[in-house]
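The numbers in the numbering used here rise by one with no breaks, and the one at position 20 of the sequence shown is 20. Cβ coordinates follow ideal geometry from the N, Cα and C atoms, glycine included. Heads up, the thing below is written out as structure tokens.
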Amino acid sequence: MTTVIKIGGARAVDPEGALADVASLVADGEDVVLTHGGSTAVDETLEDLGQEPTYVETPGGVVGRFTDADTMDVFKMVMPGKLNTDLVESLQNEGVDAVGLSGTDGKLLEGKRKSAVRVKEDGKKKIKRGDHSGKIESVNADLLETVLAGGYTPVVSVPVLGKEKDGSYTAVNADADRAAAAIAGALEADLVVLTDVSGIYEDPDDESTKIDSAATPDEFEQVKSAAEGFMTKKVMAAEEALEGGASSVIVATANADAPITSALAGEGTTLEPDVLADEMETETAK
């Protein structure tokens with residue numbers, strides 16, 4: 001069984017324990033694919049360059065980054081350039097023969113480019129053009145399986161290949177949680193999403209209300225209702241992973257000893273495939 005691990009890019013996330021845990025899993029003969037975020041590092045680099053990060057709100061109320069051409073250049077520098085290289089370097093020092101890949105390598109992650117987005121500004125709906133983003137529609141699982149079969153550990157980051165209307169490609173930004181979800185689905189793997197909290201809480205301000213697991217559609221509805229802020233996108237990604245074929249999704253803290261092993265043993269919030277039971281079956285059961 002393959003495990004896909006996503007390390008969050010928030011400043012509060014310490015990857016050290018996770019990397020040591022990856023080394024332990026690999027030493028035990030497990031196949032591991034590591035993915036990572038990096039929005040905080042991108043924002044800091046933009047500010048160092050005298051540029052302001054741009055965030056927009058969709059008409060549905062979801063806040064996300066607007067990635068113009070200059071921001072996309074910074075993404076290319078920071079994500080596959082610095083952060084991915086740093087993780088590969090650290091894994092090599094842990095004894096793991098890691099290989100850094102971006103979504104553009106070997107058409108690893110591919111989808112249509114979205115050059116214009118609908119936004120809400122000052123209470124009005126508008127079209128904002130010049131975006132470099134996309135939703136992942138295909139994963140080159142053969143490439144990852146070939147790398148794993150060779151005894152290497154892939155470390156994957158965005159950008160991804162965005163297909164233009166004329167058939168050409170442009171490197172575009174994509175949500176790192178959803179990239180990990182697409183990979184986990186394609187590999188039918190367990191997905192462990194490591195962040196700076198210990199799971200999904202019924203009360204976002206109270207760690208004692210952590211939801212241990214969800215295994216039915218009703219329980220999953222409770223999870224979705226509880227998710228707020230940054231956790232909303234992680235739950236969306238979890239749903240996409242399970243729909244794509246992932247064995248399970250676990251949201252857990254990165255800031256623990258052996259965080260991946262602990263998550264797989266039941267720490268964090270575990271979401272099982274049965275949360276996506278057929279709607280008709282659900283109605284019949286009521």
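Count the other CB atoms within 10 Å of the CB of E110; is the residue buried (16 or more) or exposed (fewer)? For the purposes of this step, residue 110 is taken as the residue at position 110 of the sequence shown. The residue is buried, with at least 16 neighbouring Cβ atoms inside 10 Å.
Pairing CB atoms from the region 78 to 97 with CB atoms from the region 141 to 148, are three or more of them under 8 Å? no
How big is the Cα-Cα spacing for A179 and N140? Within the sequence shown, the letter at position 179 stands for residue 179. Within the sequence shown, the letter at position 140 stands for residue 140. About 12 Å.
Assuming T58 contacts K120 (C-beta within less than 8 Å), just tell me the rounded distance between them. Start at 1 with the first residue of the sequence shown, and residue 58 comes out as number 58. Start at 1 with the first residue of the sequence shown, and residue 120 comes out as number 120. Their Cβ separation, rounded to whole angstroms, is 7 Å, which keeps T58 and K120 in contact under 8 Å.
With burial defined as no fewer than 16 other Cβ atoms inside 10 Å of the residue's Cβ, what is the status of I250: buried or exposed? On the sequence shown, position 250 is the one that residue 250 refers to. I250 comes out buried.
Check whether the Cβ atoms of H36 and L87 lie closer than 8 Å to each other. As a position in the sequence shown, residue 36 is number 36, starting the count at 1. As a position in the sequence shown, residue 87 is number 87, starting the count at 1. For H36 and L87, yes; Cβs fall inside 8 Å.
On the CB-based measure, 16 or more other CB atoms within 10 Å of its CB, does N93 come out buried or exposed? Taking the sequence shown and counting its residues from 1, one reaches residue 93 at position 93. The residue is exposed, with fewer than 16 neighbouring Cβ atoms inside 10 Å.
Looking at the unbroken alpha helix (DSSP H) that takes in P217, where does it start and where does it end? For the purposes of this step, residue 217 is taken as residue 217 along the sequence shown, with counting starting at 1. Run containing P217: 217 to 226, per the alpha helix (DSSP H) assignment.
Measuring CA to CA, which of D196, S225, K165, K125 is closest to E202? Within the sequence shown, residue 202 is the residue found at index 202, counting from 1. Among D196, S225, K165, K125, the Cα nearest to that of E202 belongs to S225.
Between the region 189 to 203 and the region 122 to 133, do at least 3 Cβ pairs fall closer than 8 Å? no
By the three-class DSSP mapping on this structure, what secondary structure does P273 have? Locating residue 273 in the sequence shown gives position 273, counting from the first residue. DSSP places P273 in helix when its eight states are reduced to three.
Measure the beta-carbon distance from K6 to L194 and round it to whole angstroms, keeping in mind my assumption that it falls under 8 Å. For this step, residue 6 is matched to residue 6 along the sequence shown. For this step, residue 194 is matched to residue 194 along the sequence shown. That pair is a contact at about 7 Å.
Contact the region 26 to 33 vs the region 54 to 69: 3+ CB pairs below 8 Å: no
Indicate the three-state DSSP secondary structure (helix, strand or coil) for K163 in the structure shown. Start at 1 with the first residue of the sequence shown, and residue 163 comes out as number 163. Strand.
How is D131 classed by DSSP in three states: helix, strand or coil? Working through the sequence shown from its first residue, we reach residue 131 at position 131. Reduced to three states, the DSSP call for D131 is strand.
What are the boundary residues of the beta strand (DSSP E) that includes L49? Counting from one through the sequence shown, the residue named residue 49 turns up at place 49. Careful: L49 lies outside any beta strand (DSSP E) and carries neither H nor E.
Please classify L290 as buried or exposed, where buried requires at least 16 other C-beta atoms within 10 Å of its C-beta. Here the chain has residues from 1 to 286 only, and residue 290 is not among them.
Please report how far the alpha carbon of L271 lies from the alpha carbon of V235, in whole angstroms. Here residue 271 refers to the residue found at position 271 when the sequence shown is read from its first residue. Here residue 235 refers to the residue found at position 235 when the sequence shown is read from its first residue. About 9 Å.
Which first and last residues belong to the beta strand (DSSP E) in which R11 is found? Reading the sequence shown from its first residue, position 11 is the one you call residue 11. Taken as a continuous stretch (DSSP letters only), R11 belongs to no beta strand (DSSP E), as it is neither H nor E.
E207: which of G268, G185, E219, V158 sits nearest, CA to CA? On the sequence shown, position 207 is the one that residue 207 refers to. Selected option, being the one with the closest Cα: G268.
How many angstroms separate the CA atom of T153 from the CA atom of A227? Here the question's residue 153 lines up with position 153 in the sequence shown. Here the question's residue 227 lines up with position 227 in the sequence shown. Cα to Cα, T153 sits roughly 32 Å from A227.
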